[in-house]
Structure formats: C-alpha cells, structure tokens
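By this note's numbering, the letter at position 393 of the sequence shown is numbered 431, and the numbering carries on one by one without gaps. For each residue, glycine too, the CB sits at the ideal point set by N, CA and C. On a predicted model such as this, the values are computed, not experimentally measured, just so you know. Here's the structure we're looking at; comments come further down.
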Amino acid sequence: MSTETRSGGTDGVAASASDTLTVTDNRTGKTYEIPVTDGTVRSMDFRQMKTSEDDFGLMTYDPAYTNTASCRSAITFIDGDAGILEYRGYPIEQLAEQSTYLEVAYLLVHGELPTQAQLDQWENDVTVHTFVHENVKEFMGGFRHDAHPMGMLLGSVGALSTFYPDANDISDPENRMIQTIRLIAKMPTLAAFAFRHTRGQPYVYPDNDLSYPGNFLGMIYKMTELKYEPDPRLERALDVLFILHADHEQNCSTSAVRSVGSSQVDPYSAVAAGVAALYGPLHGGANEAVLRTLRRVGTKENVPDFIKKVKAGEEKLMGFGHRVYKNYDPRARIIKTAADDVFEVTGLNPLLEIATELEKIALEDEYFISRKLYPNVDFYSGLIYEALGLPVEMFPVMFGIGRTSGWIAQWLEMTQDKEQKIARPRQIYTGRRTVDYVPVADRG
Ligand code: SDX
39 MSTETRSGGT
49 DGVAASASDT
59 LTVTDNRTGK
69 TYEIPVTDGT
79 VRSMDFRQMK
89 TSEDDFGLMT
99 YDPAYTNTAS
109 CRSAITFIDG
119 DAGILEYRGY
129 PIEQLAEQST
139 YLEVAYLLVH
149 GELPTQAQLD
159 QWENDVTVHT
169 FVHENVKEFM
179 GGFRHDAHPM
189 GMLLGSVGAL
199 STFYPDANDI
209 SDPENRMIQT
219 IRLIAKMPTL
229 AAFAFRHTRG
239 QPYVYPDNDL
249 SYPGNFLGMI
259 YKMTELKYEP
269 DPRLERALDV
279 LFILHADHEQ
289 NCSTSAVRSV
299 GSSQVDPYSA
309 VAAGVAALYG
319 PLHGGANEAV
329 LRTLRRVGTK
339 ENVPDFIKKV
349 KAGEEKLMGF
359 GHRVYKNYDP
369 RARIIKTAAD
379 DVFEVTGLNP
389 LLEIATELEK
399 IALEDEYFIS
409 RKLYPNVDFY
419 SGLIYEALGL
429 PVEMFPVMFG
439 IGRTSGWIAQ
449 WLEMTQDKEQ
459 KIARPRQIYT
469 GRRTVDYVPV
479 ADRG
C-alpha cells in the first residue's frame, strides 16, 4: 500500500508532529498527514487527495459555513457554550457597564482602549463628520412615504460611495481611517433621516454639542424646541445598546462585509452589503419580528397556545436561538437590565409581561432546552426601542448603527490580512452537462 505523507500546512505549520491528522483515502489506499493548527485543518490540504492525475481533488462541503473558519481575527471572541463575549479581550459586561459606544468603536478599530487624548481626538473626529451631503436629502426624498427604513439605510449607505470616490483607494491607511470615521459618524444621521422621512417630518441636522447617542435622539425627536436635551437615562441606555450590538465575530452581515470587501470595493459598498444581510428576519430583522410576535400573542394568557405552535413547527420563537450561543446570550441579560432603566422613564411596556412569560415557559420546556434555545440579543432590544417610541421598522436600523463599528473594524482587519484574497467559494454541481441547443420552433 503506497503512502503519501504531507507535513506542515502552507501557512499554519503544525505545532508538533502529533498536531496532525492521518487520513487514509480508501479509494486509493494512500495515506496523508494533514497539519492541525488552531483547531483547524486547511481545506486546501484535501485537494491533493485524488483518484487519478486529472482528478480535481477533494473539496470540503459546508453549506452556510456552519463549521468553517473564514479568517483569523483578533477583534471579537465568543464562547457559545459558556455564554462569553469579549471585544479585543474585554468582557462585554465590563464594557457595557463602564465604557461608551465611541470608546468601544475605537477599541474595535484600533485594538486598544484609547488614552484620554486619543479618545478626545476620536470623539471630535466623529462629531465633525456627522453631516451628510445635502444631496442625500433629495436621494432620501425619492423613497415612498411607507418605505422600510432599512431599505432606505441600505440605499443611502451605498450611495455614500458616490460622494467619496477617493474611498476606492483602500491601500492608503489614512484614507481607510477617514472613511472609517465617516461611516461611524454618518450612520446615525442616515438612520434618523430615514425615520423622519417615514414620518413626513423635516430632517434634523446633527448637534455637535450632544453625545453620540444624544445626537441620534435629537435627530429623531427634535421638533420646535431651540435645543434638544436628551434624557440622560435614555441616552445611556441607547449607548449600552450600541455597545452590545457593536460586533459579533463572523455573523451573517459581517461575513457579507468581508466577502464583498474582498473584491477591493470601497468600504461604503461593503458595509451596504452588511446592511442588506442584517435586514433579514433571521439576523438583525429578528428584533422587529419579536415585537410583531409579541403583538400577535397579545396577552400573557395566550402564551401557552403560542408555545404549542412553536413546538409543532408552525411558528418560530423569534429572538430565541443562536448559531453560536448554546447558552444564554450575555447581551440579552444586559439588555434586560437596561430595559428596566428605560421603563423608569417611559413607563413599563405591556409587551414585557408577555416576553417575560414566553421566556419563563421556554426556559423550562424540553423542546427549547434540548435544542439549546435561549433568548438572544434581539429578544429584549425591541422592547426598549418601542419604549423609546420607535416603530418596529426602525429596530434593525438601530442594530445597524451599533454594528457599523464592528463591520468597519472587520473590514479594516480583512484589508490587512495577507492570507485573504477575493472570496470565491466552490460548489457541488448537480445540474446536467453538455446539452445540445434546440431551436424554439422545435421545443415541445
Ligand atoms: C442575530 O450570528 C450572529 O452572531 C447573529 C447575531 C449578531 O450579533 O450578529 O447574534 C444577531 O442574528 C441573533 C439571532 C436573531 N435571530 C432570531 O432570533 C431568529 C430566530 N432564531 C432562529 O431562526 C435560529 O435560532 C437562528 C437562525 C438564530 C440560528 O439557526 P441555526 O443555528 O441554523 O439553528 P437551526 O435553525 O438549525 O435550529 C436548530 C433547531 C431546529 O429544530 P429541529 O429542526 O432540530 O427540530 O432549533 C429550532 C430549529 O427548528 N429552532 C427554533 C428556533 N431557532 C431554532 N425553533 C423555534 N424558534 C426558534 N427561534
């Protein structure tokens, strides 16, 4: 039996001789040694396994990438079983309690917490870039009055690429940084303009005297008062929500940003792809779907019947379950606390009682326990947004404001990763081959 061995991957060299897989291809009897690095094997190491010289070689098949690492990243660490989330190593609980969203955005982008001088400069840089080109108002005005704000955000983020053509030069570090600042700064402005458009209200320009969350509240709520003064409790709750949504390693929308960004397009176009992915009800649209579900359930007494429908597969309990967390999403726990602070100001949201009852029953029910379905970040966030007076259509938009810093931090990391190139997955072809063309007159 001939054996063929291979040690040392192209990049991740095995730490020791025992850090390998020995694979025998029973189709040929050949044996291969595949290096194991960082708990992974390189998919390309399987291409050498052929049944003949003209055989393409083995590929790995992983629909939805449920067990595939697409990159090396130092930004966010998640331990789904332990319910751990850390940004650049800092536990989310400490950041939510002690930091601000702009400081967290700096941490994600630069990799370290800023000094006071760096933070002051960063806050100033973001603050002075919150305005958008006046043409954006006309662009936004072209949407129907009932357009979904997430669709407006998607379109306007992509349109920003036309206002900053220099953003295409992604090889220039300074250029990458100014676009990074512009995206973090302008996302709340675009979001607020979309909201005001749906209400038929005039746009409110950014107020540089306000904090990042306070300025967003002002652009949403300011009417005839000369100076909008945000309630500090709402301002803080919003800052915490933005922190909790800032990044989450290679989720669907971040993977979209990385994949589109790998073509070396500008960051506005890449982030617009992230907005599009986040729009989906299984991802960022889940918080909107949670509120619609709570409204459909209607009362606490209807919860048991609804749970029966979920277990019968007729309904999904939106806001529950997660590809990675097989324990309580740590963000959901923090959001539940932030909700109490908001309800002090706005009054208790009656839907909270239904949500609490749903959670209580689900956490005791074998169907959910066996599938490790726990509340995720979207289960309670919508209750806060609703208490802030935002319509459900704005909930995924709020998610997108927070996630912008994570998207752009991941994009920056991808542009500097020497292992990365244009993303181009393979496929298993299931169609037919080499069929002769039939003129339409001869078709049945
Ligand atoms: C976010 O990836 C991220 O990090 C995302 C995110 C981020 O910060 O970026 O955390 C944000 O998107 C949170 C998730 C928000 N989505 C929802 O709340 C929508 C409801 N949840 C599900 O659709 C689902 O749980 C997913 C999409 C979140 C995860 O789906 P998976 O990992 O593909 O799991 P699955 O669909 O294979 O489900 C496993 C089982 C199935 O049952 P069986 O077929 O084995 O019988 O659990 C069931 C599913 O039917 N199930 C649910 C359920 N979620 C999964 N049953 C009822 N209600 C649910 N919510």
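query: Rounded distance between the beta-carbons of K459 and Y405, thought under 8 Å; result: That pair is no contact at about 43 Å.
query: C290 versus E451: straight-line alpha-carbon distance, rounded; result: 17 Å
query: Given 8 Å, three or more beta-carbon pairs between the region 191-199 and the region 247-263; result: no
query: Y125 - DSSP class collapsed to helix/strand/coil; result: strand
query: P463 - DSSP class collapsed to helix/strand/coil; result: coil
query: Residues near M225 by beta carbon distance below 6 Å, same chain, minus five either side; result: I439 and T442
query: Near ligand 1: L157 beta-carbon under 7 Å from a heavy atom; result: no
query: Neighbour-count burial assignment, P463, 16 or more Cβ in a 10 Å radius; result: exposed
query: Same chain, Cβ closer than 6 Å to L276, five either side skipped, listed in chain order; result: P251
query: Residue interval of the beta strand (DSSP E) (run including F94); result: Segment: none, F94 is in no beta strand (DSSP E) and carries neither H nor E.
query: Counted within 10 angstroms of its Cβ, other Cβ atoms place P477 as buried (16 or more) or exposed; result: exposed
query: Identity of the residues DSSP links to K68 by a beta bridge; result: D63
query: Where the alpha helix (DSSP H) through T468 begins and ends; result: First-last for T468: undefined, no H or E at that position.
query: Segment contact, 8 Å Cβ cut-off, at least three pairs: the region 206-218 with the region 318-325; result: no
query: Beta-carbon spacing of T384, L332 below 8 Å; result: no
query: Where the beta strand (DSSP E) containing F115 begins and where it ends; result: T114 to D117
query: Q86 to T114 span [Cα, whole Å]; result: 33 Å
query: Check: D416 C-beta below 7 Å from any heavy atom of ligand 1; result: yes
query: Identified DSSP bridge partners for D358; result: Before going on, a small fix: residue 358 reads as Phe here, not Asp. Beta-bridge pairing links F358 to P413.
query: 6 Å Cβ shell around K347 - same chain, five flanking residues per side excluded; result: E353
query: Boundaries of the alpha helix (DSSP H) in which G444 is found, first to last residue; result: F433 to T453
query: Three-pair Cβ contact test at 8 Å for the region 285-301 versus the region 395-402; result: no
query: Simplified DSSP state of T262, which is helix, strand or coil; result: coil
query: Simplified DSSP assignment, three categories, for M39; result: Residue confidence for M39 is low, a pLDDT of 34 falling below 50, so the modelled location carries little weight and cannot support an answer.
query: Candidates L389, L96 and A461, of which the one nearest G553 by Cα; result: It is not possible to answer for residue 553, since the shown part of the chain is limited to 39 through 482.
query: heavy atom of ligand 1 below 7 Å from N289 C-beta; result: yes
query: Cβ-Cβ separation, S111 to G448 (assumed contact under 8 Å), whole Å; result: Per the sequence presented here, residue 448 reads as Gln, with Gly not at that position. Q448 to S111, Cβ: 7 Å. Contact.
query: Boundaries of the alpha helix (DSSP H) in which M215 is found, first to last residue; result: P211 to R237
query: Three-way DSSP call (helix, strand, coil) for T106 in this model; result: coil
query: beta-carbon R481 near ligand 1 non-hydrogen atom, thresh 7 Å; result: no
query: heavy atom of ligand 1 below 7 Å from L411 C-beta; result: yes
query: Contiguous alpha helix (DSSP H) assignments of at least 4 residues, all confined to the region 308-351; result: 324-335 and 341-349
query: Any non-hydrogen atom of ligand 1 closer than 7 Å to F11 Cβ; result: Missing from the structure shown is residue 11; the chain here goes from 39 to 482 and no further.
query: Buried or exposed by the 16-neighbour rule on C-beta atoms within 10 Å, applied to Y467; result: exposed
query: Helix, strand or coil at T78 [DSSP, three-state]; result: strand
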